[in-house]
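Protein chains in written order, with this note's numbering: chain A, 79 to 340; chain B, 79 to 340; chain C, 67 to 375; chain D, 67 to 375. Every residue gets a Cβ at the ideal spot worked out from N, C-alpha and C, and that includes glycine.
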Amino acid sequence: MDAGLIPASLCECPVVENRQVGAYRQVSFVAPEIAALAQPGQFMMVRLAGESLDPLLPRPMGVHDVDSDLVKMLVDPVGKGTVALAGAAVGDRLSVLGPLGNGFDLEGGGPAVLVAGGMGAAPLTMLAGALLTRGREVSCLLGFRTRSQTLAAELFQEADIEVLTEDGSAGRQGLACDPLPGLLDGQPGRTKPEIFACGPAAMLAEVARIARQQGVRAQVSVAAHMACGIGSCQGCVVKGSASYLKVCTEGPVFDAKDLEWK
Amino acid sequence: MDAGLIPASLCECPVVENRQVGAYRQVSFVAPEIAALAQPGQFMMVRLAGESLDPLLPRPMGVHDVDSDLVKMLVDPVGKGTVALAGAAVGDRLSVLGPLGNGFDLEGGGPAVLVAGGMGAAPLTMLAGALLTRGREVSCLLGFRTRSQTLAAELFQEADIEVLTEDGSAGRQGLACDPLPGLLDGQPGRTKPEIFACGPAAMLAEVARIARQQGVRAQVSVAAHMACGIGSCQGCVVKGSASYLKVCTEGPVFDAKDLEWK
Amino acid sequence: MEVNLKTRLGPVELRHPVINASGTFDALSADLVLEADLFDRFPFSAYIPKTVTLRPREGNKPPRLYETAAGLLNSIGLANGGIDAFIKDDLPRLARLPVPVIVSVAGESTDDYGDCAGLLEAHPEVAAIELNVSCPNIELGGRSLGLDPKRTHRAVSLARSATSKFLIVKLTPNVTDIVEIAAAAADAGADCISLINTVHGMVLDHWSLKPVLGHITGGLSGPAIKPVAIRAVFLVSQALDGLPVIGMGGITTGQNALEFLAAGAAAVAVGTANFRNPLAAADIVSELGGLMQERGIGSVEELTGLAQK
Amino acid sequence: MEVNLKTRLGPVELRHPVINASGTFDALSADLVLEADLFDRFPFSAYIPKTVTLRPREGNKPPRLYETAAGLLNSIGLANGGIDAFIKDDLPRLARLPVPVIVSVAGESTDDYGDCAGLLEAHPEVAAIELNVSCPNIELGGRSLGLDPKRTHRAVSLARSATSKFLIVKLTPNVTDIVEIAAAAADAGADCISLINTVHGMVLDHWSLKPVLGHITGGLSGPAIKPVAIRAVFLVSQALDGLPVIGMGGITTGQNALEFLAAGAAAVAVGTANFRNPLAAADIVSELGGLMQERGIGSVEELTGLAQK
Ligand SMILES: Cc1cc2nc3c(=O)[nH]c(=O)nc-3n(C[C@H](O)[C@H](O)[C@H](O)COP(=O)(O)OP(=O)(O)OC[C@H]3O[C@@H](n4cnc5c(N)ncnc54)[C@H](O)[C@@H]3O)c2cc1C
Ligand SMILES: Cc1cc2nc3c(=O)[nH]c(=O)nc-3n(C[C@H](O)[C@H](O)[C@H](O)COP(=O)(O)OP(=O)(O)OC[C@H]3O[C@@H](n4cnc5c(N)ncnc54)[C@H](O)[C@@H]3O)c2cc1C
Ligand SMILES: Cc1cc2nc3c(=O)[nH]c(=O)nc-3n(C[C@H](O)[C@H](O)[C@H](O)COP(=O)(O)O)c2cc1C
Ligand SMILES: Cc1cc2nc3c(=O)[nH]c(=O)nc-3n(C[C@H](O)[C@H](O)[C@H](O)COP(=O)(O)O)c2cc1C
Ligand code: FES
Ligand code: FES
């Protein structure tokens, strides 16, 4: 998880599609520079191009998928900025800075378990693809609040998937982490899997706890409010084991053991 | 020019057309209540419906024309608020409060001279129609900066029109007021015309001067920054001969003799 | 769950916590311009007319308004007909309102505060008095009185001696330490603190590059100043525990009102948002009720000060 | 017409009037993340790194940021590695920049200002020093030093005795009378006043209704505060005739920069707008040139203070 040495660029990108996927909007836009460079787990700073000062700043959005010149993001409209992005119409222009952040480290070997909570599934589609390409075995645990929130399993076509919902309305009832200990132990003679996780803070803390307990490596993608996305403002920090770490340039993916967990 | 006793209403109005007219945008929207009540010279407080706080407030816009359920405004995009209104797309919704203000007093008799500078022509279309319906003779002096700014003469179909431009690129060279003294005197035995004027402050001051000199009545529609449009904020005042007058409720049309002119 | 929106400012009972900010809603003018039944479906739970002064004031030279990013700059300058005309002409008409009337007064000298309060004392239609010690657009020797704790103390003391009515003091945020000023007002006998008046500001004309406002500088209101207002409400209500606070500054939604109440206000006032929509307060009240329900907050009393706990 | 965009801050010559606001652009980090030639086409005419303090500071507890209406609230808390590390690690790398470097320092005690200025004195790469007496996010006995004219005077005097470099003092707008503070700084030997640092504010979380920021309160920046900043620049540059002012607060366009210069600034700084677009300053500079041309204003000198004439 080195600071990316690939230069990020700022582009004005026309929106070519905006469709509903589960409870989210999947927005596709033309961004050849970003499409060429983006790695799983990287993100972009995105806003509607134009003069309006409300919303004022771009929002961090994971690279959900790349399809030749197109970049796709999956937007969960939780507040002012994401509502504006989710409403981008075909033909609208986005101001996009990216790709940013380190992305996941794919160099490890052995099987991979991907754990996602809610929108955390967004960046994992690309990751699953990249891991499969490298010949790694991939299983996914996808947790959601309820059926209407679940992300279509088609997002993870070739991987082995288990969907969980808190209310049991789809897949198994429970949280994304529930099956994790079972997947990690009980496989004598096999390399222990590496964990890749993205989701709410509480889920990541649980992933970190399980990983430590089982002695496996966990790469976690964490969220933070961001202003700049390029290391200028020091606004996006999380507590590392020694000092504060900038999520935008030192993350958003961290080795769980390098962070402080409450 | 009594304070309107007709109740104004606040409506969300879908835009059905937005077309270029001269250098301006003519935006038509569905507003049956306003269409039914609006009088020449009245205005509306208009903004794009929605949550964005920039622009924050509605802008005063004259009622340009009414066509059964439709109301039309003519927008000169001079700043943030008018640029947003000029960009309203078909299907967008406007938040509209109106009709507001007193409008022109149509009760006088005799011929009428309408004097407009630039966008000041917008409210005079309806006025010309109303005066013609009342059997009054109408001549219009329309002044513009240059040819590209002139408002299509079709806006004033049945009236007698003279177009002037400052650079002579269309119609006669000069200012809207230049021919006014000639129209007022030199007609022995006839009732002196009444003046109706709308346009920049300097033009209105000149109209007031000529009217005083020639002893004719001039009704002038004045502009002011407005916040509320309904007499709440006291922000829109102009200096009357005795005290400050609120443009939104005591105007926007005043008898020129009731205002203080520098 | 039943949500109880009632609140009270001392003896003044309010059927919900949303009143208007002085100078931003003229009920008499709006009643003429808007639908005929405005007084019956009045959106505010109490009505505060624009600040009145002892003598009539014509107000500042126009232009008096300019929109800024998510804000509004104004320099009205307390244009009003004077307290005598107010008592004679407006008060009887306002008595028809279905809600309590709170009268806002400002002094052109410190003594005026006592005189104004004294003149209102005899009128039962006046439910409470708000002392505006904070208008940025009139100057007493160059500085508004609410910038100084001693002068604030004196103005409030004079009014306190002249009236037994519920006494609200409205403060300016343009000070180094607003808690110090609030404490001075409380010490002088204020029953309630109103926060905030507008923030000092100025704009230049795009083209001429000269100040837009006739008065050169003005007061900033609207969503732009909401964080400044939330902080003031939080700090003052925390420091003066027990004294009710009326919170305002940029409230445009029920969510905003919820936040001011959580910050420590017992009631909130809507100002600039009235210019976006003259009946905005009705929406704000119903949104507020819905949001309290969603969060399981049963009453305004329970909500007030939640952010401090 | 040729427009001359050059300006100067005392001995420091700037090729145009747009510099960055401290804490809003990290040239070393941006150089890693953005295109490889950032240093060659550096958008600012001088570079100010984030404020450094005598000892390292880890900064405030997150969350440290929240967007408000046309504004940004932050409580970074002067996170920095300390002045020794800055001089050793950063300064040599910054010397590669094609523009002068102005170093911003803040004290955790009044004496620190003198010590920091003294440590920078020996380094020719430092073109000027900015004393940040105005950070709202670190507290010296609860109050930032720039809130008080006497303490400001003392801090500036200490720095003045320690350095002969061009000395800029950056003030907070969160005071009753900013001209009084500016005069104290000038009297103590400041060569230039920088205006404004952020405005005190606070936000509550939509859902939990608790303060969002780990530090509870923070500083508001961005277009929302532009009217506050324009007023401060206008009043201070009028009062301290002759002392150059660096204006900032919400500048996002060339038009905005034009207005700050007209209000009285000799140079302007771009802060929050860098977060909308890290190369915003390049657009601002070219827009500014175009607008000056349109208005027939031939030089920054001619433009500075136009609003006051
Ligand atoms: C590296 C990274 C990648 C992301 N990828 C995606 C993505 O692919 N799709 C997506 O929909 N969202 C993604 N997010 C989250 C998204 O950026 C936030 O939801 C967004 O910034 C919220 O802005 P808003 O104006 O809509 O909400 P606000 O009104 O600012 O806030 C609404 C609520 O969300 C919380 N919130 C705001 N910003 C953040 C944040 N950055 N992280 C966590 N909570 C926040 C607030 O505290 C509040 O409770 C990502 C965040 C990061 C840091
Ligand atoms: C009764 C009335 C009727 C009007 N009818 C129309 C109409 O039919 N079509 C139309 O295009 N415009 C009309 N206007 C003018 C229009 O309201 C202003 O141009 C608009 O408010 C400017 O807002 P803005 O945000 O676009 O510009 P801003 O950015 O606010 O200002 C741009 C420039 O316009 C000036 N300006 C701003 N507001 C006003 C104002 N109210 N009057 C004069 N100058 C102003 C500013 O000083 C500045 O120089 C009318 C105004 C009034 C009072
Ligand atoms: C146009 C206007 C006029 C105002 N007049 C007064 C006034 O007369 N007395 C007063 O106490 N406050 C006055 N204020 C301040 C408001 O009451 C309120 O404190 C401030 O605007 C902040 O609230 P808001 O952001 O909701 O508008 C006025 C504000 C505006 C915008
Ligand atoms: C995230 C952030 C960090 C800041 N850090 C500093 C700082 O370290 N030193 C300082 O003097 N000002 C700091 N400021 C204030 C800015 O330099 C500037 O004075 C203020 O933001 C107003 O300008 P703007 O509206 O253009 O951002 C910071 C502002 C922001 C938003
Ligand atoms: S978002 Fe600015 S440093 Fe990370
Ligand atoms: S616009 Fe508010 S009183 Fe006229």
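Inter-residue CB distance, residue i and residue j (contact presumed, cutoff 8 Å)
| i | j | result |
| --- | --- | --- |
| valine 285 of chain A | alanine 301 of chain A | Their Cβ separation, rounded to whole angstroms, is 14 Å, which puts valine 285 of chain A and alanine 301 of chain A out of contact at 8 Å. |
| alanine 328 of chain C | alanine 373 of chain C | 4 Å |
| threonine 119 of chain D | isoleucine 149 of chain D | 7 Å |
| arginine 103 of chain A | valine 144 of chain A | With 8 Å as the limit, arginine 103 of chain A and valine 144 of chain A do not qualify as a contact, their Cβ atoms being about 18 Å apart. |
Status (buried if at least 16 other CB within 10 Å, exposed otherwise) for residue i
| i | result |
| --- | --- |
| glutamine 251 of chain A | exposed |
| serine 230 of chain C | exposed |
| lysine 236 of chain D | buried |
| valine 168 of chain B | exposed |
| glutamine 291 of chain B | exposed |
| arginine 128 of chain B | Here residue 128 of chain B turns out to be glycine, not arginine, going by the sequence shown. Glycine 128 of chain B should be labelled exposed. |
| aspartate 214 of chain C | buried |
| threonine 327 of chain B | buried |
| aspartate 177 of chain D | exposed |
| glutamate 90 of chain B | exposed |
| glycine 267 of chain A | exposed |
| alanine 254 of chain D | buried |
| serine 227 of chain C | exposed |
Proximal chain A residues relative to residue i, where beta-carbon distance stays under 9 Å
| i | result |
| --- | --- |
| aspartate 92 of chain D | Cys306, Ile308, Gly309, Ser310, Cys311 and Gln312 |
Residue i at chain D interface by Cβ criterion, 8 Å
| i | result |
| --- | --- |
| phenylalanine 300 of chain C | yes |
| threonine 283 of chain C | yes |
| proline 278 of chain A | no |
| proline 129 of chain C | no |
| serine 87 of chain A | yes |
| glycine 184 of chain C | no |
Below-8 Å beta-carbon distance, residue i vs any chain A residue
| i | result |
| --- | --- |
| valine 93 of chain B | no |
| glutamate 353 of chain D | no |
| isoleucine 291 of chain D | no |
Closest Cα partner of residue i within the set the options
| i | options | result |
| --- | --- | --- |
| lysine 150 of chain A | A:Pro177, A:Pro189, A:Asp238 and A:Gly188 | A:Pro177 |
| threonine 319 of chain D | D:Leu306, D:Gly337, D:Asp307 and D:Gly184 | D:Gly337 |
| methionine 67 of chain D | D:Pro277, D:Ala290, D:Glu367 and D:Gly362 | D:Gly362 |
| proline 138 of chain B | B:Gln117, B:Ala113, B:Gly179 and B:Gly169 | B:Gly179 |
| arginine 125 of chain B | B:Pro118, B:Gln117 and B:Phe107 | B:Phe107 |
| leucine 270 of chain D | C:Gly137, C:Glu325, C:Val311 and C:Trp273 | C:Glu325 |
| alanine 323 of chain C | C:Lys292, C:Ser303 and C:Phe152 | C:Lys292 |
| leucine 98 of chain C | B:Ser87, B:Ala101 and B:Gln297 | B:Ser87 |
| alanine 113 of chain A | A:Gly100, A:Leu175 and A:Glu240 | A:Leu175 |
Within chain G, the residues that residue i reaches when beta carbons sit closer than 7 Å
| i | result |
| --- | --- |
| serine 130 of chain B | Absent here is chain G; the protein component of the structure consists of chains A, B, C and D. |
Residue-chain proximity (residue i, chain C), Cβ-Cβ < 8 Å
| i | result |
| --- | --- |
| valine 265 of chain D | yes |
| methionine 268 of chain D | yes |
| glycine 207 of chain D | Any reading at glycine 207 of chain D must be qualified, since the residue scores a pLDDT of 49, below 50, and its modelled position is unreliable; the value itself is stated next. Not closer than 8 Å to any Cβ of chain C, the Cβ of glycine 207 of chain D fails to qualify, so no. |
| proline 136 of chain B | yes |
| glycine 337 of chain D | no |
| alanine 328 of chain D | yes |
Interface residues of chain C facing residue i [CB-CB closer than 8 Å]
| i | result |
| --- | --- |
| asparagine 240 of chain D | Thr242 |
| serine 321 of chain B | Glu124 |
| threonine 327 of chain B | Ser95, Leu98 and Val99 |
Per-residue contacts from residue i into chain C (C-beta, under 7 Å)
| i | result |
| --- | --- |
| histidine 272 of chain D | Gln321 |
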